[in-house]
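Asks: For the sequence shown, the residue numbers in UniProt numbering are 1 to 201.
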Amino acid sequence: MAPSTPLVDPGTYFRRHDRPSLAVAAGVVSVQAAAISVAMWLFLQRVIAHVEAPPEEKAQAQGALVGATVGVFVAVFFGWLVLAAILHAFVWFAGGSRGFGTTLAVTGEAELTGLVLLPLTAVGLFTLLGQAPSDPAAFTDFFERATSFSSPVLLVSSLLGMLWTAAIQGFGLAEAHDLPVEKMLALAFVVGGVGFLLNLL
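Shown next, in the form of structure tokens:
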């Protein structure tokens, strides 16, 4: 029996006649975007509570959180499209047998790893609350450190997520586009590795 998710045996999963599925991929990315947005909103709520500022300034910050949450949601979708476009450019040069929608579907379904690892990521994020500043002027610096994997848990979660996602993408692209697995795994790991290193900067 074929696996129901690509998490353990992506090669067999993507050999199914109904995979990859753009509808499933869009659903995975939608849930992931919503979950990340909620986690970030809760985290920033707790950070704002630490800041010593007049009530009106805190109220303004709370209002800004809505925009920031929507921005995170949109950014997840934008990142999905950009990553798929980068991967598909190489797939096209390698002679991939199907169109961009297939690459988009594979890339989106691979993001299921992000949902599985989200609890670990959230733990890593919330462990930083002890470092939350009371000085409003230090908030920007703290937020930059929080989003640059300054927590060991966040670093491990991000690295594990990159490796796991790249493996699924490699097998998925190979099966969906009828290309050599070795080449597609190399592509996925190189692109994922570059993205991981850029996030550390």
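The C-beta atom is built at its ideal place from N, Cα and C for all residues, glycine as well.
Does S97 pass the burial test, meaning 16 or more other C-beta atoms within 10 Å, or should it be called exposed?
Replies: Exposed, because fewer than 16 other Cβ atoms sit within 10 Å of the Cβ of S97.
Asks: Check for me: the alpha helix (DSSP H) holding F14 runs from which residue to which?
Replies: Unbroken run through F14: none, as it is neither H nor E.
Asks: Could you tell me the alpha carbon to alpha carbon distance between T69 and P10, rounded to whole angstroms?
Replies: Rounded to whole angstroms, T69 to P10 spans 32 Å at the Cα level.
Asks: Across the region 178 to 195 and the region 89 to 104, are there enough close Cβ pairs to call them in contact, namely three or more that are closer than 8 Å?
Replies: Because the criterion of three Cβ pairs below 8 Å is met, the region 178 to 195 and the region 89 to 104 touch.
Asks: Which residue's Cα is closest to the Cα of V91: Q131, S157, G79, T107?
Replies: Among Q131, S157, G79, T107, the Cα nearest to that of V91 is on T107.
Asks: For the pair the region 10 to 20 and the region 51 to 59, tell me if three or more CB-CB distances fall below 8 Å.
Replies: Output reads no: the region 51 to 59 does not touch the region 10 to 20.
Asks: Taking the alpha helix (DSSP H) that Q169 falls in, what are its first and last residues?
Replies: Residues 152 to 177.
Asks: List the endpoints of the continuous alpha helix (DSSP H) containing P6.
Replies: Here P6 belongs to no alpha helix (DSSP H), and DSSP marks it neither H nor E.
Asks: In this structure, how does DSSP classify P55 when only helix, strand and coil are distinguished?
Replies: Of the three classes helix, strand and coil, the one that applies to P55 here is helix, per DSSP.
Asks: Does DSSP put P180 in a helix, in a strand, or in coil?
Replies: Correct three-state label for P180: coil.
Asks: Residues in the same chain with beta-carbon distance under 7 Å from G161, minus the five sequence neighbours each way, listed in chain order, please.
Replies: Only T113, G114, L117 meet the Cβ criterion.
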